[in-house]
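So for the sequence shown, the working numbering puts the first residue at 684; every next one is plus one.
The structure appears below as structure tokens.
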Amino acid sequence: MNDEKRDQCAERLKALADAKRLAIVQFLQDGEKTAREIDEHLKSRASDHLIVLRYAGIVQRERRGMWTYYSLRPEVVVQSDCLNLGCCQIQFS
């Protein structure tokens with residue numbers, strides 16, 4: 684693994700080192716959700732957490748009309764209860 688990949692992996696892991704951000708990633712495993720759906724799922728505002736996840740390259744957003752949709756980036760692969768970040772895997776239990 685080269686330095687750039689290692690730095691990217693470290694940023695992704697740092698972004699996931701928060702229970703609410705990890706909950707957002709788990710929630711997005713089923714597909715894209717609106718920001719409002721994510722707020723309701725967390726029972727709090729998720730905007731700051733979504734920004735961190737976006738800059739870490741874990742989620743992406745798409746604006747459609749007045750709604751903003753979030754989803755996992757294509758390179759972040761979810762297989763059953765495993766999250767593959769490309770540099771490492773996280774197993775959810």
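Heads up, the beta-carbon is just placed ideally off N, CA and C, and yes, glycines get one too.
Using the three-state DSSP reduction, which class does residue i fall into: helix, strand or coil?
i, result
"I734", "helix"
"K726", "coil"
"L699", "coil"
Going by other Cβ atoms of all chains shown within 10 Å of its Cβ, with 16 needed for buried, is residue i buried or exposed?
i, result
"A729", "buried"
"Y738", "exposed"
"A698", "buried"
"R704", "buried"
"R785", "The requested residue 785 is not part of the displayed model; the chain covers only 684 to 776."
Measure from the alpha carbon of residue i to the alpha carbon of each residue in the options, then state which is nearest.
i, options, result
"Q774", "D686, V708, E758 and A693", "V708"
"V761", "Q712, Y753, D686 and N685", "Q712"
"R747", "L696, A693 and K716", "K716"
"L733", "S763, N767, R695 and E758", "R695"
"C770", "I741, S763, S776 and M749", "I741"
Need the endpoints of the alpha helix (DSSP H) that residue i sits in, please.
i, result
"R746", "Counting along the chain, R746 falls outside any alpha helix (DSSP H), though it belongs to the beta strand (DSSP E) covering V742 to R747."
"V761", "Unbroken run through V761 is the beta strand (DSSP E), V760 to Q762; no alpha helix (DSSP H)."
The beta strand (DSSP E) with residue i in it runs from where to where?
i, result
"C765", "C765 to N767"
"S776", "Looking at the DSSP string, S776 is not in any beta strand (DSSP E), and its letter there is neither H nor E."
With a cut-off of 8 angstroms on the beta carbons, I'd call residue i and residue j a contact; round off their distance for me.
i, j, result
"A706", "Y753", "About 13 angstroms separates the two Cβ atoms, so there is no contact after all."
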